[in-house]
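Colleague:
4 protein chains.
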Amino acid sequence: MKESARKTRGNREKIIQAAAKLIIEKGVANTSLADIADEVGISKGTLYYYYATKGDLIFDISVRHMEHITNTIVAWISGHGRDRQPELVLQMVIETVLKSETRGYIHFYLIQEALSGNHESLKIRFTEEYDRWLDLIEQGLRLILPTDTDFQTISRVLLSTIDGLLMQNLLGQGPLPLREISRFFADYQGELTRPISSYTQSQN
Amino acid sequence: MKESARKTRGNREKIIQAAAKLIIEKGVANTSLADIADEVGISKGTLYYYYATKGDLIFDISVRHMEHITNTIVAWISGHGRDRQPELVLQMVIETVLKSETRGYIHFYLIQEALSGNHESLKIRFTEEYDRWLDLIEQGLRLILPTDTDFQTISRVLLSTIDGLLMQNLLGQGPLPLREISRFFADYQGELTRPISSYTQSQN
Amino acid sequence: MKESARKTRGNREKIIQAAAKLIIEKGVANTSLADIADEVGISKGTLYYYYATKGDLIFDISVRHMEHITNTIVAWISGHGRDRQPELVLQMVIETVLKSETRGYIHFYLIQEALSGNHESLKIRFTEEYDRWLDLIEQGLRLILPTDTDFQTISRVLLSTIDGLLMQNLLGQGPLPLREISRFFADYQGELTRPISSYTQSQN
Amino acid sequence: MKESARKTRGNREKIIQAAAKLIIEKGVANTSLADIADEVGISKGTLYYYYATKGDLIFDISVRHMEHITNTIVAWISGHGRDRQPELVLQMVIETVLKSETRGYIHFYLIQEALSGNHESLKIRFTEEYDRWLDLIEQGLRLILPTDTDFQTISRVLLSTIDGLLMQNLLGQGPLPLREISRFFADYQGELTRPISSYTQSQN
DNA sequence: GATGAATGAGTTTTCATTCAT
DNA sequence: AATGAATGAAAACTCATTCAT
Chain P
26 MKESARKTRG NREKIIQAAA KLIIEKGVAN TSLADIADEV GISKGTLYYY
76 YATKGDLIFD ISVRHMEHIT NTIVAWISGH GRDRQPELVL QMVIETVLKS
126 ETRGYIHFYL IQEALSGNHE SLKIRFTEEY DRWLDLIEQG LRLILPTDTD
176 FQTISRVLLS TIDGLLMQNL LGQGPLPLRE ISRFFADYQG ELTRPISSYT
226 QSQN
Chain B
26 MKESARKTRG NREKIIQAAA KLIIEKGVAN TSLADIADEV GISKGTLYYY
76 YATKGDLIFD ISVRHMEHIT NTIVAWISGH GRDRQPELVL QMVIETVLKS
126 ETRGYIHFYL IQEALSGNHE SLKIRFTEEY DRWLDLIEQG LRLILPTDTD
176 FQTISRVLLS TIDGLLMQNL LGQGPLPLRE ISRFFADYQG ELTRPISSYT
226 QSQN
Chain D
26 MKESARKTRG NREKIIQAAA KLIIEKGVAN TSLADIADEV GISKGTLYYY
76 YATKGDLIFD ISVRHMEHIT NTIVAWISGH GRDRQPELVL QMVIETVLKS
126 ETRGYIHFYL IQEALSGNHE SLKIRFTEEY DRWLDLIEQG LRLILPTDTD
176 FQTISRVLLS TIDGLLMQNL LGQGPLPLRE ISRFFADYQG ELTRPISSYT
226 QSQN
Chain Z
26 MKESARKTRG NREKIIQAAA KLIIEKGVAN TSLADIADEV GISKGTLYYY
76 YATKGDLIFD ISVRHMEHIT NTIVAWISGH GRDRQPELVL QMVIETVLKS
126 ETRGYIHFYL IQEALSGNHE SLKIRFTEEY DRWLDLIEQG LRLILPTDTD
176 FQTISRVLLS TIDGLLMQNL LGQGPLPLRE ISRFFADYQG ELTRPISSYT
226 QSQN
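Protein chains in written order, with the working numbering: chain P, 26 to 229; chain B, 26 to 229; chain D, 26 to 229; chain Z, 26 to 229.
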C-alpha cells in the first residue's frame with residue numbers, strides 16, 4: 026500500500042517534470058501525450074492511468090506552477106523585504122522570473138493554453154491567482170516604498186511589466202535592461218493624492 | 026493581366042481579413058485553413074493558390090498587423106502628441122490597444138504562434154518590430170515628459186505593461202485600472218542621473 | 026463540375042454499400058472506419074471527406090434503409106394487394122423481410138446503434154418511421170382482411186412479430202414456420218366490437 | 026474454505042447485480058469493466074479474480090437472465106393459468122415483460138451482445154432457451170385457449186411480438202396498446218385444420 | 001485562376017487484460 | 001483474495017498539403 030502510493034506519487038512527479046520540460050521547449054500544443062510518455066519512459070496507456078485527460082495534466086502542471094510563483098513571492102516578502110534597498114529587491118524579483126528561462130517560459134505557454142483551448146476552469150484559476158499575486162505584490166511593495174505611493178496601481182504595472190518582459194524575452198528580444206527597470210519602480214514618486222484629470226471613464 | 030493582378034490582390038485581402046477575424050475569435054491553433062476558406066467563400070485549393078503554406082499566411086497577417094501598430098504609434102506622435110496633457114495622451118494610447126478587444130487579441134495570438142511553431146523568421150520579424158516600437162514610443166514620450174526622464178527605460182516599461190495588460194485582459198481579469206495606470210506613467214519623476222547601485226550585472 | 030459531382034455521388038454510394046456490407050457481417054460496433062475505408066479502397070482521410078462523422082455515415086445508411094423498407098411496403102400495397110389470397114400476400118411480406126438475410130440483419134444492427142450510442146436524432150427518426158410503417162401496414166391489411174378487423178392492433182402485432190422473428194433469425198433459431206405464421210394473420214377473425222374486459226388500464 | 030466460498034459467491038452476486046444495473050442503463054458496449062468495478066466498490070484486478078473475461082461475466086449474467094425468464098413463465102403457467110380469463114392472463118404476461126422497463130431492456134442488450142461479439146456459445150445458449158420458452162408458452166396457452174388452436178404458431182407469434190414490442194419500447198415508441206394486443210391473442214380463432222394453401226415452401 | 005477530391009501522418013482517448021506484490 | 005499499476009492495440013477524428021482537371 027505505502028509502496029504503491031509512493032510509486033504513484035513518484036510517477037506523477039516524473040510525468041509532471043517531463044511534461045513541463047517538453048512544454049518549455051515546444052509549448053503545450055506541440056507536446057503530444059506520446060511525447061510525454063516517451064520522455065517518462067512509460068506507455069501512453071499508463072499516462073492515462075495517472076491523468077484522465079490531457080487537460081487534466083495541463084491543469085495539474087498549471088496549478089503547481091502557480092503555487093510555485095505564489096510561494097516565491099511570499100518568500101521574498103517575508104524573507105528579503107525589510108533589510109535591503111528597494112531597488113535591489115525589485116531587481117531580484119524581476120530577474121528571478123526572467124532569468125530562469127526554463128521556469129519563465131512555461132508561464133506563457135500555460136496561459137496560452139488556458140486561452141486557446143476549452144479550458145474555462147484553467148482560465149478562471151489563472152485569473153484568481155493573478156488577483157492573489159497582485160495582493161501579495163502590493164504587500165511586498167508596502168515594505169519598501171514610501172507610504173504615499175499608489176500601491177494598487179504600481180503593483181499592477183509591475184506585474185504586467187513582468188508578463189510583458191517575459192513575452193519579449195521569449196521572442197528573443199536582446200538583453201533587457203533589468204537593472205534600469207528595477208530602478209524605475211524603486212524610484213517611483215507619484216503622489217497618491219493628486220486629483221485625476223478627467224478624459225473619459227476608466228473602463229475596460 | 027492588370028485585371029487578374031487586381032483580382033489576386035483583392036482575394037489576398039479578403040483572405041487576410043477572414044483569417045484575422047477567425048484568429049481573433051479562436052486563436053491561430055484553432056483556426057484551420059478549411060475554416061478560413063469557408064469564411065472567404067473559396068475552396069481550400071484556391072487558398073493554396075494564394076498562400077503556399079499556412080505559415081506564409083500567418084506571416085503575411087503578422088506583418089500587416091505590425092505595420093498597423095507602427096502606423097498607429099506614428100500617428101499618435103505626430104498628430105496628438107503636442108497639445109494635450111501627458112496623462113491623457115497615455116491613457117488614450119493604452120486604451121486604444123486594449124479597448125479594441127478585437128484588434129488586441131490578435132497580437133497575443135500571433136506572438137503565440139511565432140513562439141510555438143517553427144516560425145523562426147516570424148520571431149525575428151517580431152523582435153525587430155519591437156525595437157522599432159520602442160524607438161517610436163521613446164520619441165513620443167520625449168514630447169510629453171520632462172527632459173530628464175530615463176526615456177529608454179520608461180518606454181520599455183510602458184510597452185511591456187501594455188503587453189502584460191493585454192494578456193490579463195484576455196484571461197478575463199476584471200476591469201483594469203487604465204486611468205490610474207496612465208497617470209502612473211505621466212507622473213513618473215525618476216531622475217535619470219542618479220547613480221545605479223550595483224547588485225549584479227543587468228543581463229538577460 | 027458534372028464530373029466531380031458524379032464522382033462524389035459514386036463514392037458516397039460505394040461507401041454506403043461497403044459499410045452496409047460490413048455492418049451486416051459484423052454489426053455497427055465492430056465495423057471501424059478503417060475497415061470501411063479498406064473495403065472501399067480509399068484512405069480514412071477520404072472517408073472523412075464524405076462523412077464528417079461515423080454517426081453521419083450511420084445516419085445516412087439508416088435513412089436509406091428505412092426508405093427501402095417504406096418503398097417495399099408501398100410497393101406491396103399498390104401492386105400485389107388486390108389480386109391474391111391474404112395469406113399469400115402476408116407470407117410474401119414476411120419472407121421478403123427475413124429471407125434476404127443480408128437486408129434484414131442491418132435493420133437490427135442499426136436499431137441497436139440508435140439505442141446504444143448518443144444518436145438521439147437517429148432514434149427519433151426510427152420512431153417516426155415505425156409510425157409510418159404501422160400506417161402503411163394498416164392500409165395494406167385493409168385490402169385483404171375483413172372490414173370488421175381491429176386493423177390498428179393487428180398491424181402492430183404484425184410489425185412486432187416481424188421484428189421479433191428477425192431477432193430470432195439472427196440468433197440462428199432454426200427454420201421459422203413462416204407459412205403458418207402468415208396463415209395465422211390471414212385467418213384472424215377477432216371482432217373489433219367485443220367489449221374489453223377490464224384488468225388494469227392499458228398503459229405502457 | 027467454506028468461509029471464502031461464501032464470500033466468493035457473495036461477491037459474484039454483487040458483481041452480477043452491479044453489471045446488470047449498468048447494462049440496463051447503458052447497454053453492454055457502453056459498460057466497461059472499470060464501471061462495473063467502481064459500482065461494486067472493488068478494483069478491476071479483483072473483478073478479474075472472479076471472471077477471467079468480460080465475456081464470461083456477460084455469459085453468466087445472460088444465463089441468470091434466461092433462468093429468470095424461464096422461471097417467470099413457469100410460475101405463470103402453474104400458478105395463474107387456470108382460473109382467469111385468457112385475455113387477462115396474456116395481458117399480465119405481456120405487461121410484465123414490458124412494464125418493468127428495467128428488466129426488459131437487459132434482454133435486448135444481452136441478445137445484442139450475443140450477436141455482435143464473438144460469443145458463439147452465448148448465441149447458442151440463447152437459441153436453446155428460446156426453444157424452451159416456446160414450449161413453455163405453448164403449454165401455458167393450452168390451458169387458456171380452445172383446443173383446436175394452432176398452439177405452436179401462436180406461441181411463436183406471441184414470443185416474437187413480445188420481442189418486437191420490447192424493441193419498439195426501447196426506441197421510445199409512444200404508449201403501446203397492450204390491452205388490445207392481449208385481446209388480439211385471446212380472441213384468436215384460427216382453425217388448426219384448415220389446409221395450407223401452397224405459395225412456396227416455408228423455409229427460412 | 002480555381003476547385004474538389006484525396007491523403008497520410010498525427011492526435012487524443014478507451015479499455016480489456018496482465019501481473020507483481 | 002485483492003489490488004494498483006502498467007500496457008498495447010485499436011478507435012475516431014483532424015488537418016495541412018498535394019494534384020489532376
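Ideal placement from N, C-alpha and C gives every residue a C-beta, glycine not left out.
Taking Cβ-Cβ distances shorter than 7 Å, what residues in chain D pair up with Q198 (chain Z)?
Modeller: Under the 7 Å cutoff, chain D gives T152, Y155.
Colleague: Using a 10 Å radius around the Cβ and a threshold of 16 neighbouring Cβ atoms, would you call N143 (chain B) buried or exposed?
Modeller: exposed
Colleague: Quick one: does N36 (chain P) have its CB under 8 Å from some CB of chain B?
Modeller: no
Colleague: In whole angstroms, what is the alpha-carbon distance linking G104 (chain Z) and R167 (chain Z)?
Modeller: 14 Å
Colleague: Tell whether a beta-carbon distance below 8 Å holds between R157 (chain B) and T97 (chain B).
Modeller: Their beta carbons are not under 8 Å apart, which means R157 (chain B) does not touch T97 (chain B) by this criterion.
Colleague: Looking at the unbroken alpha helix (DSSP H) that takes in G197 (chain B), where does it start and where does it end?
Modeller: It is not in any alpha helix (DSSP H) - G197 (chain B) carries neither H nor E in the DSSP assignment.
Colleague: Nearest-angstrom Cα distance between L184 (chain D) and V122 (chain D)?
Modeller: 11 Å
Colleague: What does the alpha-carbon distance come out to for the pair Q177 (chain D) and A44 (chain B)?
Modeller: Going from the Cα of Q177 (chain D) to the Cα of A44 (chain B) covers about 59 Å.
Colleague: Below 8 Å on the Cβ atoms is my contact criterion, and I expect E138 (chain D) with V65 (chain D) to pass it. Report the Cβ-Cβ distance as a whole number of Å.
Modeller: For E138 (chain D) against V65 (chain D), the beta-carbon gap comes to about 20 Å, at or over 8 Å, which does not count as contact.
Colleague: Using a beta-carbon distance below 8 Å, is M192 (chain B) in contact with chain P?
Modeller: yes
Colleague: If we define contact as Cβ-Cβ less than 8 Å, is P202 (chain D) a contact residue for chain Z?
Modeller: yes
Colleague: Would a check of beta-carbon distances place L170 (chain B) closer than 8 Å to chain P?
Modeller: no
Colleague: Using a Cβ-Cβ cut-off of less than 9 Å, give me the residues of the region 69-101 of chain P that come near chain B, in sequence order.
Modeller: Residues passing the 9 Å Cβ filter: none.
Colleague: What are the boundary residues of the alpha helix (DSSP H) that includes D160 (chain D)?
Modeller: Start and end: 145-169.
Colleague: Mind checking whether the beta-carbon of I40 (chain P) lies closer than 7 Å to any heavy atom of the ligand FAD?
Modeller: No copy of the ligand FAD appears in this structure; indeed no ligand is present at all.
Colleague: At a Cβ threshold of 8 Å, is F209 (chain P) touching chain B?
Modeller: yes
Colleague: So, is the C-beta of A45 (chain B) closer than 8 Å to a C-beta in chain P?
Modeller: Interface criterion not met: the Cβ of A45 (chain B) is under 8 Å from no Cβ in chain P.
Colleague: Counting only beta-carbon atoms, is A59 (chain D) nearer than 8 Å to chain Z?
Modeller: No Cβ of chain Z is located within less than 8 Å of the beta carbon of A59 (chain D).
Colleague: With distance defined between alpha-carbon atoms, name the residue in B:L201, B:Y76, B:T33 nearest to Y155 (chain P).
Modeller: B:L201
Colleague: Look at the alpha carbon of D212 (chain D) and the alpha carbon of S180 (chain D), and state the distance between them as a whole number of angstroms.
Modeller: Each residue's alpha carbon lies about 14 Å from the other.
Colleague: Under 8 Å between beta-carbons, which chain D residues line up against D188 (chain Z)? List them in chain order, please.
Modeller: For a Cβ distance threshold of 8 Å, residue set S185, D188, G189, M192, Q193 of chain D lies close to D188 (chain Z), ordered along the chain.
Colleague: For chain Z, find out if any of its Cβ atoms is closer than 8 Å to the Cβ of V118 (chain D); answer yes or no.
Modeller: no
Colleague: Run down chain P in chain order and give the residues with a C-beta less than 8 Å from the C-beta of E28 (chain B).
Modeller: Here the premise fails: no neighbours, minimum Cβ distance about 41 Å.
Colleague: Rounded to the nearest angstrom, what separates G106 (chain P) and I169 (chain P) at their Cα positions?
Modeller: The predicted position of G106 (chain P) is uncertain, since its pLDDT is 48 and thus under 50; a value taken from the coordinates is nonetheless stated next. Straight-line Cα distance between these residues: approximately 7 Å.
Colleague: Apart from the five residues just before and just after R204 (chain P), which ones in its own chain have a Cβ nearer than 7 Å to its Cβ?
Modeller: Q116
Colleague: Can you give me the start and stop residues for the alpha helix (DSSP H) that Y74 (chain Z) sits inside?
Modeller: 69-75
Colleague: I believe E112 (chain Z) touches S29 (chain Z) by the beta-carbon criterion, under 8 Å. Please report the beta-carbon distance rounded to the nearest angstrom.
Modeller: Between S29 (chain Z) and E112 (chain Z) the Cβ distance is about 52 Å, and since that is not below 8 Å, they are no contact.
Colleague: Applying the 10 Å Cβ sphere with the 16-neighbour rule, what's the burial state of S68 (chain B)?
Modeller: exposed
Colleague: Do we get a CB-CB distance below 8 Å when we pair N137 (chain P) with the residues of chain B?
Modeller: Note that residue 137 (chain P) corresponds to Gln in the displayed sequence, not to Asn. Judged by the 8 Å Cβ criterion, Q137 (chain P) is in contact with chain B.
Colleague: What residue range is occupied by the uninterrupted alpha helix (DSSP H) comprising T97 (chain Z)?
Modeller: Where T97 (chain Z) is concerned, the enclosing alpha helix (DSSP H) stretches over 79-100.
Colleague: For Q193 (chain Z), count the other beta carbons within 10 Å of its own beta carbon; 16 or more makes it buried, fewer makes it exposed. Which is it?
Modeller: buried
Colleague: Beta-carbon within less than 8 Å of I49 (chain Z)'s beta-carbon, same chain only, minus the 5 sequence neighbours each way: which residues are those?
Modeller: T127, R128, Y130, I131, Y134
Colleague: Could you name the residues of chain B that D160 (chain P) contacts, counting a contact when the two beta carbons are closer than 9 Å?
Modeller: Correct list: empty, because the minimum Cβ distance to chain B is about 13 Å.
Colleague: Per DSSP, what kind of secondary structure is G35 (chain Z) in: helix, strand or coil?
Modeller: helix
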